[in-house]
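A.B. asks:
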DNA sequence: TATGAATGAGATTTCATTCAT
DNA sequence: AATGAATGAAATCTCATTCAT
């Protein structure tokens, strides 16, 4: 009673915090494996070694759990977008960009499972879906900013940024879904950095 | 499927053939709007102005209808992949590539809705899902082939091809989901051609 | 397709009409036995020898079935209220009133089970509950009208009518719940007529 | 239950006793608002500002709390039934009866909410339900006794008593549910007394 | 004496599929 | 070829009750 007593589920205290974490973790796994709609609450609670009743103590429904998960991921991604380095045509610029691409891949490997489901969510035009759009928008905006600052000429910054973000996102998705071997990871990061640099400063 | 029945002119298709077409069209719409799993047979038959019983006259189940749809799309896409022009550093090469990108966008606008749900299908790792992988594999293979033929050096053809296919696919997806205006279509095609060329022949 | 195609359940045609009737009948029994809230859809479909799926083909939920039932009953009762005879102090008036009381008892025996549940419904202040209030209001209004026309003096028509309607309703309820034997039915009708007449024209 | 524990003045009830009272009061409110079956333990403990665990410290289950409530009410009502005055045709008799009707209304206003749910309880034929029957039986018995003592002739005491008790009970219910305004209270008591007197001694 | 997170049986509801017409 | 009412397995969600703290 000393804490916030907001109506509805989502905020039991102390002891329950672990249970909530277990549910989130189990949810991430099940959503990644089967998609939001096909995921069954039953799978999630089994994964979290708890009961149906407990699930609804913490989340109003399946979608709310997914939303909580998506929020976390969105925060992580936006932080990464903010760290996109300045774009320069020299070797130092290439190295910085390559390092950032590796960070992206590392984060994507961690949260990509949730992100894969965003595409599905976008179809039903709900909050979680819009979240996906917002996040890629953050990357695009950051890249537009860096392109403008770089003085690169001859291309529309908005369209170019969108194409490059598309490439980064989807290539890492391919990496995750097994169209490249794990060993190709560093090579992919280098390639993405190189293509990005060429796109701005190439012939 | 046995071809025209009556001998009259104008190839008067049997009634059943039209029903099947209506179901496919309605299915495409519903799958696009809600995803494969969330799509209800009820929505599809309503969209096709027919009945549940009739649905099962033409398809063994929901997945089979999706599969039929996906087959069509896959065929169209593989034909397009085969037409990918040779890559050269000159203006002619750029123009040919740009034209091809426009063809890609046109096809994507038509069949993209079905393709969007491949991602979801991949999660449940069934035939339709593998189909998606196969199709992008065809694009990647075609691009690897053109890269090798172009004599471009300094990059791993497999990885580079994958990155570029990722860009093309996903950028057109963004175009479809409203992150660019329709007017940006030609500009996007030009940008994709330019980035591809730079990637191979740029600095 | 030849009929009304209103959205939502409730209007399958022809063949289904019998099924709907069976569900209504079974619902009346279960509601009467256990109350609206405690009634389980499972009991209703078992009583109607059909399945859960079928139930939801005809009614959106339990409450909607109850509402349909209540509507029927309300119509019957209001028709009876309209037939309340003129009130006169003579033997003819007594006889007419007694006959009407018998009609009331007969109708109550038929629909009383549903009416008993109105009380419960009133608690949750929904449509069905308001229906109960409306119906008794119809009886009260009819009685106020007859009292005014009778020239009876010395009592407030509104309050007196309400007291008498209360008596009629509740006494028949007692009859139904076994506080009188079935044989007391005619005697109760006579007593209610007598008390009503005395109330208006007595000392 | 065991009486005051500490010897201090002002009968400082033990903490637990207050908790029990709070639960009873909250229960009365929730039962009245939603009915016995639909009442949730959660609503009751929130209303009593205590916890689920505590609820089961004082009551074996939901029904036991309702039973405790009903017992209190039944005792109060039976005491009132015993105080029903002798019935005489004169003004003094009318006045005594009118005063008793006012007492009835006052008590009903206090405990009517609990009584309203007796009807629902009767459906599931449990102890609490039988309690309701018993209580109205006490009123009927008292009235039969007074009718016999009054020497009134020409009506069956059992049936007449039942009709009159029905009227008193239900009319006060209508008063409570807003079909009369509060100001009508005294007028209703007077009318009930008058109708009762007319029924016995009228034409 | 009090707490409230956890439980799971049992209820509601959905929807792919069947089948009599 | 077509229909659409019927089915029931499987999913979601609720809530009385328990129990470790």
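Chains as they are written, first to last, in this note's numbering: chain C, 1 to 203; chain X, 1001 to 1203; chain S, 2001 to 2203; chain G, 3001 to 3203.
In this text, a Cβ means the ideal position worked out from N, Cα and C, and glycines have one as well.
1) Measuring only between beta-carbons, confirm whether residue 109 (chain C) sits less than 9 Å from chain X.
2) Would you tell me roughly how many angstroms separate the C-alpha atoms of residue 2086 (chain S) and residue 2078 (chain S), rounded to the nearest one?
3) Am I right that residue 2036 (chain S) and residue 2073 (chain S) are in contact with their C-beta atoms under 8 Å? What's the rounded C-beta distance?
4) Pick out whichever of G:3199, G:3155 and G:3169 has its Cα sitting closest to the Cα of residue 3138 (chain G).
5) Tell me whether residue 46 (chain C) is buried or exposed, calling it buried when 16 or more other Cβ atoms sit within 10 Å of its Cβ.
6) Mind checking if residue 3002 (chain G) is an interface residue toward chain S, Cβ cutoff 9 Å exclusive?
7) Given this structure, state the Cα-to-Cα distance separating residue 3059 (chain G) from residue 3065 (chain G), to the nearest angstrom.
8) Return the chain-ordered list of same chain residues with a C-beta closer than 6 Å to the C-beta of residue 190 (chain C), the five sequence neighbours on each side being excluded.
9) Identify, in the order they occur along the chain, each residue of the same chain with its Cβ nearer than 7 Å to the Cβ of residue 2043 (chain S), setting aside the five sequence neighbours on each side.
10) Where are the alpha helix (DSSP H) runs, 4 residues long or more, that stay fully inside the stretch 2127-2187 of chain S, in chain order?
11) Evaluate the contact criterion for the stretch 1179-1193 of chain X versus the stretch 157-173 of chain C: three or more CB pairs, one atom per stretch, below 8 Å.
12) Please list the partners that residue 1037 (chain X) has in chain C, where partner means a Cβ-to-Cβ separation under 8 Å.
13) Using a Cβ-Cβ cutoff of less than 7 Å, which residues in the same chain neighbour residue 1003 (chain X) once the five nearest sequence positions on both sides are dropped?
14) Alpha carbon to alpha carbon, how far is residue 1101 (chain X) from residue 1109 (chain X)?
15) Compare the Cα-Cα distances from residue 118 (chain C) to each of C:104, C:107, C:106 and C:136 and report the closest residue.
16) What is the rounded straight-line gap between the Cα of residue 3051 (chain G) and the Cα of residue 3023 (chain G)?
17) Please identify the residue among S:2155, S:2147 and S:2111 whose C-alpha is closest to the C-alpha of residue 2173 (chain S).
18) Beta-carbon of residue 2184 (chain S) versus every beta-carbon of chain G: anything under 9 Å?
19) Between residue 2005 (chain S) and chain G, is the shortest Cβ-Cβ distance under 9 Å, so that the two count as touching?
20) Taking Cβ positions, are residue 1071 (chain X) and residue 1131 (chain X) nearer each other than 9 Å?
21) How would you label residue 3120 (chain G), buried or exposed, when you count the other beta carbons within 10 angstroms and need 16 or more for buried?
22) Hey, is residue 156 (chain C)'s beta-carbon within less than 9 Å of any beta-carbon in chain X?
23) Would you call the CB atoms of residue 2200 (chain S) and residue 2105 (chain S) closer than 9 Å?
24) Measuring alpha carbon to alpha carbon, tell me which residue in X:1184, X:1133 and X:1028 is nearest residue 1068 (chain X).
25) According to DSSP, is residue 1090 (chain X) part of a helix, a strand, or is it coil?
26) Hey, how far is the Cα of residue 2140 (chain S) from the Cα of residue 2177 (chain S)?
27) Expressed to the nearest angstrom, what Euclidean distance is found between the alpha-carbon atoms of residue 2008 (chain S) and residue 1145 (chain X)?
28) Name, please, each residue of chain X whose Cβ falls closer than 9 Å to the Cβ of residue 179 (chain C).
29) Just mark residue 3152 (chain G) as buried or exposed, buried being the case when its beta carbon has 16 or more other beta carbons within 10 Å.
30) Taking only the alpha-carbon atoms, compute the straight-line gap between residue 2018 (chain S) and residue 3062 (chain G) and give it to the nearest angstrom.
31) Output needed for residue 1134 (chain X): all residues of its chain with C-beta closer than 8 Å, excluding positions within five of it in sequence on either side, in chain order.
32) What does residue 169 (chain C) touch in chain X if you count any residue whose Cβ is under 9 Å from its own?
33) Quick one: does residue 2202 (chain S) have its CB under 9 Å from some CB of chain G?
34) Give the residues from the stretch 37-56 of chain C that approach chain X closer than 7 Å (Cβ to any Cβ), ordered along the chain.
C.D. replies: Quick answer:
1) no
2) 17 Å
3) In fact, because the Cβ distance is near 14 Å, the residues do not count as touching under 8 Å.
4) G:3169
5) Under this definition residue 46 (chain C) is an exposed residue.
6) Since pLDDT at residue 3002 (chain G) reaches only 39, below the 50 mark, its modelled position is unreliable, and the value read off the structure follows with that caveat. Closer than 9 Å: no.
7) Their backbone Cα atoms lie some 6 Å apart in a straight line.
8) 98
9) 2030
10) The stretch 2127-2187 of chain S contains these whole alpha helix (DSSP H) runs: 2127-2150 and 2157-2176.
11) Touching, yes.
12) The contacting residues are 35, 37 and 38.
13) Any answer about residue 1003 (chain X) is weak, because its pLDDT of 41 lies below 50 and its placement is not dependable; what the coordinates show is given next. No residues qualify anywhere along the chain.
14) 12 Å
15) C:136
16) Distance between residue 3051 (chain G) and residue 3023 (chain G), taken at the CA atoms: about 10 Å.
17) S:2111
18) Output row for residue 2184 (chain S): interface = yes.
19) The pLDDT assigned to residue 2005 (chain S) is 37, lower than 50, so where the model puts this residue is not dependable, and the model offers no usable value.
20) yes
21) buried
22) yes
23) no
24) X:1028
25) In the structure shown, residue 1090 (chain X) falls within a coil segment according to DSSP collapsed to helix, strand and coil.
26) 24 Å
27) Only weak support is given to the placement of residue 2008 (chain S): the predicted model assigns it a pLDDT of 47, under 50, and the value that follows is read from those uncertain coordinates. Each residue's Cα considered, the two are about 56 Å apart.
28) 1133, 1136, 1137, 1140 and 1162
29) buried
30) 40 Å
31) 1074
32) 1166 and 1170
33) yes
34) 37 and 38
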